[in-house]
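Data block below; observations after.
Residue numbers (our numbering): 1050 to 1239.
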C-alpha cells in the first residue's frame, strides 16, 4: 500500500468494516460525478418522503380529532389513520426494495443530455466494491446524444483504493471511475 498524501483531509474509514468502505466509495463517486457537472436528482427520496408525510398527516389529523372528541367517537378514524400509516410505510419499504434497490445516485447533465444512475453492493464476506452504472437520455430531449446503454459493472477490491490507515486514494479511485463512465457513455445497445 502507498502512503496517503498530505493534502487529503477526509476522515478515514475503518478498513475492517465493509459498510464504511462502501459508504466512502459511494461518497467519492457522488463527489466525482458532481465535479463533472452532474446534478443529483432526489426522486427516490421524494417518493419515500411523500409516503411518509401522508401517513404522518393522517396520524396528526387523528390526534387532533381525538383531542377534541372522546375516543369512543374517534376510534373509527384511529383505525383508518393507523391503517393508512401502515400501508404508506409498507409502500415506502416496497419502493426501496423494488424500485430504488442499490441505487444511491441519480444525476443528470443537461449539457450532455443524459441521466446517470449508480448503484453499489458489497458483501460482508467479500471486500469487493461492486458498482453498476446505467444511463438514459433526458426525457423530452429531441436529440438524445446517448441511448439507453447496457449497464457497466465495476468490481474492485477495496484494498486497491484505500491506504492502510483507511483514507481513500482519490486519484486511483477517480481514474477507475473515469474509465467506467467513459465506457458507459460510449457503449450503445447492440
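For glycine and all other residues, C-beta sits at the position ideal for the given N, C-alpha and C. Only a predicted model underlies this, so the values are computations on that prediction, with no experimental measurement involved.
- In the DSSP assignment, residue 1145 falls outside any alpha helix (DSSP H) and carries neither an H nor an E.
- Taking the C-beta atoms as reference points, residue 1153 is found nearer than 8 Å to residue 1169.
- Judged by DSSP in its simplified three-state form, residue 1087 adopts coil rather than helix or strand.
- Under the DSSP assignment, residue 1202 falls in the beta strand (DSSP E) whose first and last residues are 1201-1206.
- Note on residue 1073: 16 or more other CB atoms within 10 angstroms of its CB, so buried under the neighbour-count rule.
- In this chain, residue 1059 is not harboured by any beta strand (DSSP E), its DSSP state being neither H nor E.
- By the Cβ criterion, the region 1137-1151 is in contact with the region 1096-1110, since at least three pairs of Cβ atoms, one from each stretch, lie closer than 8 Å.
- Contact between residue 1088 and residue 1156 is confirmed by a C-beta separation of about 6 Å, below the 8 Å threshold.
- A direct Cα-to-Cα measurement between residue 1131 and residue 1143 gives close to 18 Å.
- Straight across, the Cα-Cα distance linking residue 1123 with residue 1097 is about 28 Å.
- Contact annotation: residue 1211 and residue 1065 have beta-carbon atoms that are not nearer than 8 Å.
- From the listed residues 1112, 1206, 1187 and 1164, the smallest Cα separation to residue 1180 is found for 1206.
- The DSSP-derived three-state label of residue 1187 is coil.
- By the Cβ neighbour-count rule, residue 1178 is buried, with 16 or more other Cβ atoms within 10 Å of its own.
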